[in-house]
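Student: Just so you know, the sequences run in chain order V and W. Counted the way the working numbering counts, the first sequence spans residues -7 to 361. Counted the way the working numbering counts, the second sequence spans residues -7 to 361. Before we start, here is the structure in question, set down as structure tokens.
2 protein chains.
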Amino acid sequence: MKIICLKSQLQHAVQTVQKAVASKTPLPILTGIYIEAKDGRLELQATDYEIGISCTIDATVEEPGAVVLSGRYFQEMVRKLPGETIEIASNKEDRTIKINSNNSQFNLLSLPAEEFPVLRQINSENQISVKDFCLRELIKKTVFSCANDEARPIFTGGLLEIQDNEIRLVATNTHRLALKKDTIESGSSQIKMIIPAKILSELARLLVGEEAQNVTLSCQKNQVGIAFDDVYIISRLIEGQFPDYNKVIPPSFNTKVELNTDEFLAAVERVSLLAKDGEYNVAKFTFTENQVIITSNNPDVGKAYETVAGDLAGNGLEIAFNAKYIIDILKNVDSETFVFSLNTELSPACIKPNDDDNYTYIITPVRTS
Amino acid sequence: MKIICLKSQLQHAVQTVQKAVASKTPLPILTGIYIEAKDGRLELQATDYEIGISCTIDATVEEPGAVVLSGRYFQEMVRKLPGETIEIASNKEDRTIKINSNNSQFNLLSLPAEEFPVLRQINSENQISVKDFCLRELIKKTVFSCANDEARPIFTGGLLEIQDNEIRLVATNTHRLALKKDTIESGSSQIKMIIPAKILSELARLLVGEEAQNVTLSCQKNQVGIAFDDVYIISRLIEGQFPDYNKVIPPSFNTKVELNTDEFLAAVERVSLLAKDGEYNVAKFTFTENQVIITSNNPDVGKAYETVAGDLAGNGLEIAFNAKYIIDILKNVDSETFVFSLNTELSPACIKPNDDDNYTYIITPVRTS
């Protein structure tokens, strides 16, 4: 292999595939980045068998071929190379790869390219196309609600549903649930799959192209292929039955109050300062006619007391929540005000931005006594 | 105690004393911030017995007194309080402290103020005054050369010497030495003391007032008091005999080369990528007639090769250094070029900025082979 490419493009490609490079693995080849040159293109790949990412850039290919280089060293080196262009050439005799840029020259030992599990793109008819900003927004507004606990794998992913002209992403850890919907151009395919939260987050990070573009999702068995721009991602899917989230969303509420988002968020953040040390981060919310009183009590440190103005419609009540769950959602509410809807002190409550009917957050209260 | 003060000022005071709050200590009182109100002033203090910091701000004192609050909680709380002013009032009956700001109210449990080891300012005639920017520059240019290893305590501090109209700060870990000098207004006092590196760094962090000001240093036995603006710091000094650093600086050099600082720094940083894994971060430097060749060799990863142009005066030679020691000093060289001076492959070399004769860095080569 012998190629010349732009440093900026190579750096973009290395950063794109970097998250799929395995760090702890019994298979050393997975710590490498696979680099293949052919037909005026250079393709980089990395995989840890959970997620595989490929990124393809332009290059002057003087001699086609494929090599695998240490992901860690290659990434650091590309970032620091001094020139605008980088030359990469393999030396078959001693299995080293020569990397040149201006006055810099590196000779890196290569890993055996034939051992690398090269990604194959999924060729499925079950395919659907979504705008990148739409998918990014769906992920950003829900993925934080997934469970971290691997004990119940089904909740460590987000459920992506596409049907007719609606796309939905749902995430829950059973104590809170976030649902975000959007409309898309009507397609023939239906999709229902659970994508691991880690991969959703990585996808959102990569969906930041300057120009709006389409993202194509292709499903096959327990895998999804995600294609956009010069990137191709293959992710495993989480198998199992996602619970019927519609049953979790109460059909109606007795009590509603509209509150200022920033003001309420800041008050809950302060109260949670003194709520952190316990097993749960519990804050008490007292909904009265014209204000919400938020309190916490940490016997070792002290008490906090906050009030936020808001006119209540319905019955007043006293209810306790994990303060972190309230903070998480309010950080994702973009509108100036939101509506807090409740039934009783033991039944799920709902938070909704005032201007976005497609975003719903359900939170289960904490029992105190 | 009952006071009202500006949030911005209280936040400044808390941030100033924060670094002296003990985190791991068998004495719980040292995890607190001591707050004393009298004569229209509010003084905050914290100490871990290594460093003590006091900061005094204006306040409306309705009732004088002193309390001690948990450093960790008080700091987070002050940062997040919503109002422009903060009211702090003690309740003698239940030992709680009420903190109010707009609609926020905290009741913090207090620590027993009588147990706090209140700082007393040093009243010594051995006193000297230095400009803040001068002292900050001296610290910044040398403190990185101190030893981290507590095995030889004398090298974990910097030697501050003031004599006639010269101030000097010297730091060394025995493998490299940094010396920075400056001239000051001639005073009657002479000072020679070893200040712990941690405290020098903290002092440099605090010496960032918007207006130039004087820093007053007062020595007494094994302590130094440092006063500036609204801050007073007391630090223990390191006892023992600092070696005669003048003996470490070679009187002359056989070989000299002027090099571009940024170019040389970037080349050494790249070469060190492949030198990191070993016990020493060793890079080899070959000084030839018109360039310096920098190389490293990591048997597990590969080789790096860099050249930087520079016209040599004197004999060429091949010498090895810990690359980190070269990187550390070049990050502190502000001038476009520097002079690298050498004698033999086994004798100390010198790096000096081209425009600052008051800054000297000595580095001992690493034996290879």
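Don't be surprised by glycine CBs; every beta carbon is placed ideally from N, CA and C.
#1: Please check if any C-beta of chain W sits within less than 8 Å of the C-beta of asparagine 95/V.
#2: Count Cβ pairs between the segment 105 to 115 of chain V and the segment 32 to 41 of chain V that sit closer than 8 Å; are there 3 or more?
#3: Starting from tyrosine 317/W, find everything on chain V with Cβ-Cβ shorter than 9 Å and list it in chain order.
#4: What distance in whole Å lies between the Cβ atoms of glycine 24/V and serine 62/V, which are believed to be in contact at a cut-off of 8 Å?
#5: Quick check on this structure: which residue in Ser181/V, Ala259/V, Asp141/V and Ile(-4)/V has the alpha carbon closest to the alpha carbon of glutamate 153/V?
#6: When you compare only the Cα positions, how much space is there between aspartate 31/V and threonine 48/V?
#7: Report all residues from its chain with a CB closer than 8 Å to the CB of lysine 132/V; omit the five preceding and five following residues, and keep chain order.
#8: Relative to the alpha-carbon of serine 102/W, which residue among Leu127/W, Ile146/W and Leu22/W has its alpha-carbon at the smallest distance?
#9: Should aspartate 349/V be labelled buried (16 or more other beta-carbon atoms within 10 Å of its own) or exposed?
#10: Going by C-alpha to C-alpha distance, which of Asn206/W, His167/W and Asn157/W sits closest to isoleucine 183/W?
#11: For the segment 213 to 246 of chain V, enumerate the residues whose C-beta is nearer than 7 Å to any C-beta of chain W, in chain order.
#12: Taking only runs that begin and end inside the segment 187 to 275 of chain W, name each unbroken alpha helix (DSSP H) of 4 or more residues, in chain order.
#13: Is the distance from the Cβ of lysine 248/V to the Cβ of valine 358/V below 8 Å?
#14: Using the C-alpha atoms, what's the distance from aspartate 221/W back to glutamine 205/W?
#15: With the cut-off set at 8 Å, would you say glutamate 250/W and threonine 299/W are in Cβ contact?
#16: Please determine if the segment -2 to 7 of chain W and the segment 257 to 276 of chain V are in contact, where contact requires at least 3 C-beta pairs separated by less than 8 Å.
#17: From this set, Asp236/W, Leu198/W and Ala51/W, which residue's C-alpha is nearest threonine 166/W's C-alpha?
#18: Would the beta-carbon of glycine 44/V fall within 8 Å of that of alanine 12/V?
#19: Measuring only the C-alpha atoms, how far is isoleucine 89/W from leucine 100/W?
#20: Round the Cβ separation of serine 264/V and lysine 316/V to the nearest angstrom and send it over; I've been treating them as touching at under 8 Å.
#21: Using a Cβ cut-off of 8 Å, pull out every chain V residue sitting near glutamate 298/W, in sequence order please.
#22: Give me the chain W residues within the contact set of serine 62/V, using Cβ-Cβ distance strictly less than 7 Å, ordered along the chain.
#23: Please classify glycine 75/W as buried or exposed, where buried requires at least 16 neighbouring CB atoms within 10 angstroms.
#24: Residues of chain V with a CB under 9 Å from the CB of lysine 16/W: which are they?
#25: Which ranges does the beta strand (DSSP E) cover as unbroken runs of at least 3 residues, wholly within the segment -6 to 58 of chain V, from first to last along the chain?
#26: Going along chain W, which residues have a C-beta under 9 Å from threonine 88/V?
#27: Looking only at its chain, what residues have a beta carbon closer than 7 Å to the beta carbon of glycine 306/W, apart from the 5 residues adjacent to it on each side?
#28: So the alpha helix (DSSP H) leucine 111/V belongs to, where does it begin and stop?
#29: Please determine, among Ala163/V, Ile218/V, Thr336/V and Thr360/V, the residue with the shortest C-alpha to C-alpha distance to valine 135/V.
#30: Can you tell me the Cα-Cα spacing of lysine 276/V and alanine 341/V, whole angstroms?
#31: Run through chain V and tell me which residues come within less than 8 Å of alanine 258/W, C-beta to C-beta.
#32: Residues of the segment 183 to 213 of chain W in Cβ contact with chain V at a cutoff of 9 Å, in chain order, please.
#33: Can you look up glutamate 281/W in the DSSP assignment and give me helix, strand or coil?
#34: Is the CB-CB distance between glycine 217/W and isoleucine 226/W below 8 Å?
#35: Where does proline 145/W sit, in a helix, a strand or coil, going by DSSP?
#36: Against leucine 101/W, what residues of chain V qualify as contacts under a CB-to-CB distance less than 8 Å, listed in chain order?
Tutor: The structure says:
#1: True, the Cβ-Cβ gap to chain W drops below 8 Å.
#2: Contact holds: three or more Cβ-Cβ distances are below 8 Å.
#3: Ordered by position in chain V, no residue passes the 9 Å Cβ test against tyrosine 317/W, which lies about 19 Å from the chain.
#4: The Cβ separation is near 6 Å, so the contact holds.
#5: The shortest C-alpha to C-alpha distance from glutamate 153/V to any of Ser181/V, Ala259/V, Asp141/V and Ile(-4)/V is the one to Ser181/V.
#6: One alpha carbon belongs to aspartate 31/V, the other to threonine 48/V, and they sit about 11 Å apart.
#7: By the criterion of a C-beta distance shorter than 8 Å, lysine 132/V is surrounded in its chain by Ala196 and Asn324, once the five residues flanking it on both sides are discounted.
#8: Of the listed residues, the one whose Cα sits closest to serine 102/W is Leu22/W.
#9: Classification for aspartate 349/V: exposed.
#10: Distance from the Cα of isoleucine 183/W is smallest, within the candidate group Asn206/W, His167/W and Asn157/W, for Asn157/W.
#11: Under the 7 Å Cβ criterion, the segment 213 to 246 of chain V contributes no residue.
#12: The alpha helix (DSSP H) runs of length 4 or more contained entirely in the segment 187 to 275 of chain W are, from start to end of the chain, 189 to 198 and 253 to 265.
#13: Contact: no.
#14: Straight-line Cα distance between these residues: approximately 7 Å.
#15: Not closer than 8 Å, so no.
#16: Judged by Cβ distances under 8 Å, the segment -2 to 7 of chain W makes no contact with the segment 257 to 276 of chain V, as fewer than three pairs qualify.
#17: When Asp236/W, Leu198/W and Ala51/W are compared, the shortest CA-CA separation from threonine 166/W is found for Asp236/W.
#18: Cβ atoms of glycine 44/V and alanine 12/V: closer than 8 Å.
#19: So the alpha carbons of these two residues sit roughly 5 Å apart.
#20: Taking C-beta atoms under 8 Å as the contact rule, serine 264/V and lysine 316/V qualify, at a distance of about 7 Å.
#21: For a Cβ distance threshold of 8 Å, residue set Asn95, Ser96 and Gln97 of chain V lies close to glutamate 298/W, ordered along the chain.
#22: Contact of serine 62/V with chain W by beta-carbon distance below 7 Å involves Val293.
#23: Result: exposed.
#24: Listed along chain V, no residue sits closer than 9 Å to lysine 16/W by beta-carbon distance, the nearest being about 17 Å off.
#25: Segments of the beta strand (DSSP E) lying fully in the segment -6 to 58 of chain V: -6 to -2, 24 to 30, 33 to 39, 43 to 50 and 52 to 55.
#26: The contacting residues are Gly294 and Lys295.
#27: Asn246, Thr247 and Lys248, listed in sequence order.
#28: First-last for leucine 111/V: undefined, no H or E at that position.
#29: Of the listed residues, the one whose Cα sits closest to valine 135/V is Ala163/V.
#30: Separation of lysine 276/V and alanine 341/V (C-alpha to C-alpha, rounded to the nearest whole angstrom) is 14 Å.
#31: The contact set of alanine 258/W on chain V, defined by CB atoms closer than 8 Å, consists of Lys72 and Pro74 in chain order.
#32: In summary, no residue of the segment 183 to 213 of chain W has a CB separated from any CB of chain V by less than 9 Å.
#33: In the three-state DSSP reduction, glutamate 281/W falls in the coil class, being neither helix nor strand.
#34: Isoleucine 226/W is positioned such that its CB atom lies closer than 8 Å to that of glycine 217/W.
#35: The answer is helix: DSSP assigns proline 145/W an H, G or I state.
#36: Neighbours of leucine 101/W on chain V, chain order: Asp292, Val293 and Gly294.
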